[in-house]
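Worksheet: the structure to be examined is printed underneath.
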DNA sequence: GTCTATAGCTTGATAGAC
DNA sequence: GTCTATCAAGCTATAGAC
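Residue numbers (the working numbering), protein chains in the order written: chain A, 1 to 188; chain B, 1 to 188.
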């Protein structure tokens with residue numbers, strides 16, 4: 001065929017890249033069209049609900065990735081510190097060594113529906129919960145575990161902002177290196 | 001007069017609020033017009049260069065604020081730890097206790113000119129330099145001081161992202177409380 | 001399933017009255 | 001210095017051919 005169907009997996013990945021990089025308002029259909037190679041009308045065939053449905057699919061896609069690559073591995077049996085080392089590697093991949101922004105950051109800017117912002121908040125809550133879980137497993141009390149989880153995600157988000165502004169990935173790598181001690185003690 | 005001139009100080013402050021909150025692409029002239037009470041044509045009278053000149057003025061305005069309220073106080077004589085406690089209070093005001101976003105975050109999204117992104121990078125570099133300076137004054141070596149500065153700004157940026165997503169300012173307040181130990185040792 | 005063409009609205013920007 | 005009125009370009013979204 002001249003225009004073979006683009007697989008759903010490839011499509012949503014490319015759409016997600018645009019929303020992650022540009023945020024909701026910056027992710028215009030023209031840019032999404034350019035990034036995916038599909039014309040706008042074709043995008044509406046795949047996402048009849050338009051931009052709202054696209055960004056919802058992006059959030060679901062990212063949630064699924066975190067479930068499979070981060071949350072589930074953390075719930076498996078094994079030494080907490082080693083599991084955190086493992087998922088730190090997954091996060092390096094997800095953020096392309098710090099060169100890609102976090103959707104929680106870019107999609108939390110004011111643009112988009114209230115449902116979008118609730119979904120984004122839900123994603124962050126799930127992430128906090130997963131990190132709190134592994135900190136508890138390491139022996140931290142409830143409050144201490146929650147604090148470690150918040151601290152770890154704060155440093156991930158902050159280092160990604162620095163990386164974007166400076167065009168320098170070193171702060172992100174340093175944070176990933178420190179992730180095991182951030183979550184599983186050895187901090188104080 | 002029916003329409004008295006809005007003072008430059010008031011105007012730029014309101015314009016800055018919009019750009020900080022919405023980012024470059026989200027800060028449409030309609031929203032700026034609504035926030036300032038000036039029609040679009042009046043905005044062009046004040047900023048003949050249009051949106052580009054507006055955002056440049058915002059960056060200058062923020063730079064000036066940081067110079068006066070953060071960098072200069074850090075350069076004055078006094079105990080480093082006490083100076084950091086002082087500027088932490090200024091930062092709480094600037095970020096409205098964590099409820100306002102950082103312009104470095106929102107304005108570093110892809111929208112806007114290359115000059116804008118270079119200016120934003122310059123602002124962050126100046127901030128890093130000021131924080132590195134006070135860490136050195138506290139006795140840290142060059143590399144250690146720079147690391148403390150990066151770490152402090154990472155945690156500020158990260159806690160502001162969490163605050164925006166969750167609508168919860170506690171992580172930001174915790175970071176402000178920890179700022180003295182982050183910059184002036186007592187960390188390890 | 002993809003495309004071209006188009007509708008209606010919003011955007012950044014300008015002209016000209018007061 | 002502010003306003004109303006307007007423009008061309010970009011936006012989201014839809015209709016209909018292949």
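Glycine included, each C-beta is placed from N, C-alpha and C at the ideal position. Computed from a predicted model, the values in this text were never measured in an experiment.
inquiry  = Tell me which residues share the same chain as residue 191(B) and place their Cβ nearer than 7 Å to its Cβ, disregarding the 5 neighbours each side in the sequence.
reply    = The displayed coordinates of chain B run from 1 to 188. Any statement about residue 191(B) would go beyond what the structure contains.
task = Starting from the C-beta of residue 70(A), find all residues in its chain whose C-beta is less than 8 Å away, skip the five residues before and the five after it, and write them out in chain order.
result = 87, 90, 91, 127, 130
ask   = residue 106(B) versus chain A: which residues are under 7 Å apart at the beta carbon?
value = 109
request  = Indicate whether residue 121(A) and residue 165(B) have their beta-carbon atoms separated by less than 9 Å.
outcome  = yes
ask   = Which of the residues in the region 87–107 of chain A, read from start to end, lie with their CB under 7 Å from any CB of chain B?
value = Per Cβ criterion, the list reads 104, 105, 106.
query = Does the distance from the CB of residue 100(B) to the CB of residue 178(B) come in under 9 Å?
reply = no
inquiry  = Determine, for residue 46(A), whether the minimum Cβ-Cβ distance to residues of chain B falls below 9 Å.
reply    = no
message = Against residue 162(A), what residues of chain B qualify as contacts under a CB-to-CB distance less than 8 Å, listed in chain order?
response = 124, 150, 153, 154, 157
inquiry  = For residue 16(A) and residue 61(A), what's the separation of their Cα atoms in angstroms?
reply    = 8 Å
inquiry  = Taking only three categories from DSSP, how would you classify residue 85(A)?
reply    = helix
message = Here's a check: name, in chain order, each residue in its chain whose Cβ is nearer than 6 Å to the Cβ of residue 97(B), leaving out the five neighbours to either side.
response = 169
key: Neighbouring residues, chain B, relative to residue 84(A) (Cβ below 9 Å)   = Near residue 84(A) there are no residues of chain B at all, since even the closest Cβ is about 18 Å away, more than 9 Å.
ask   = Using a beta-carbon distance below 9 Å, is residue 182(A) in contact with chain B?
value = no
ask   = Can you give the beta carbon distance from residue 59(A) to residue 159(A), rounded, assuming they're within the 8 Å contact cut?
value = With 8 Å as the limit, residue 59(A) and residue 159(A) do not qualify as a contact, their Cβ atoms being about 22 Å apart.
message = Quick check: the Cα distance between residue 102(A) and residue 75(A), rounded to an integer number of angstroms?
response = Roughly 23 Å separates the two Cα atoms.
key: Residues, ordered as in the chain, of the region 35–59 of chain A that lie near chain B by beta-carbon distance below 7 Å   = none
query = Got a sec? Which residues, its chain only, sit under 6 Å from residue 119(B) by beta carbon, not counting five neighbours each side?
reply = Correct list, in chain order: 59.
request  = Starting from the Cα of residue 53(A), find the closest Cα among 139(A), 163(A), 116(A), 156(A) and give me that residue.
outcome  = 116(A)
ask   = Taking Cβ positions only, does residue 189(B) come closer than 9 Å to chain A?
value = This structure gives no information on residue 189(B), because the portion of chain B shown stretches from 1 to 188.
task = State the start and end residues of the unbroken alpha helix (DSSP H) segment that holds residue 71(A).
result = Counting along the chain, no alpha helix (DSSP H) covers residue 71(A), and no H or E run does either.
query = Got a sec: is the Cβ-Cβ distance from residue 9(A) to anything in chain B below 9 Å?
reply = no
task = Determine which residues of the region 14–36 of chain B have a Cβ less than 7 Å from any Cβ of chain A, and write them out in chain order.
result = 21, 22, 23, 25, 26
message = Considering only their Cβ atoms, is the gap separating residue 38(A) from residue 31(A) smaller than 9 Å?
response = Going by beta carbons, residue 31(A) and residue 38(A) fall outside the 9 Å limit.
message = What does the alpha-carbon distance come out to for the pair residue 80(B) and residue 106(B)?
response = Their backbone Cα atoms lie some 30 Å apart in a straight line.
message = By the three-class DSSP mapping on this structure, what secondary structure does residue 79(A) have?
response = coil
task = Mind listing, in chain order, the continuous beta strand (DSSP E) runs of no fewer than 3 residues lying wholly within the region 129–162 of chain B?
result = none
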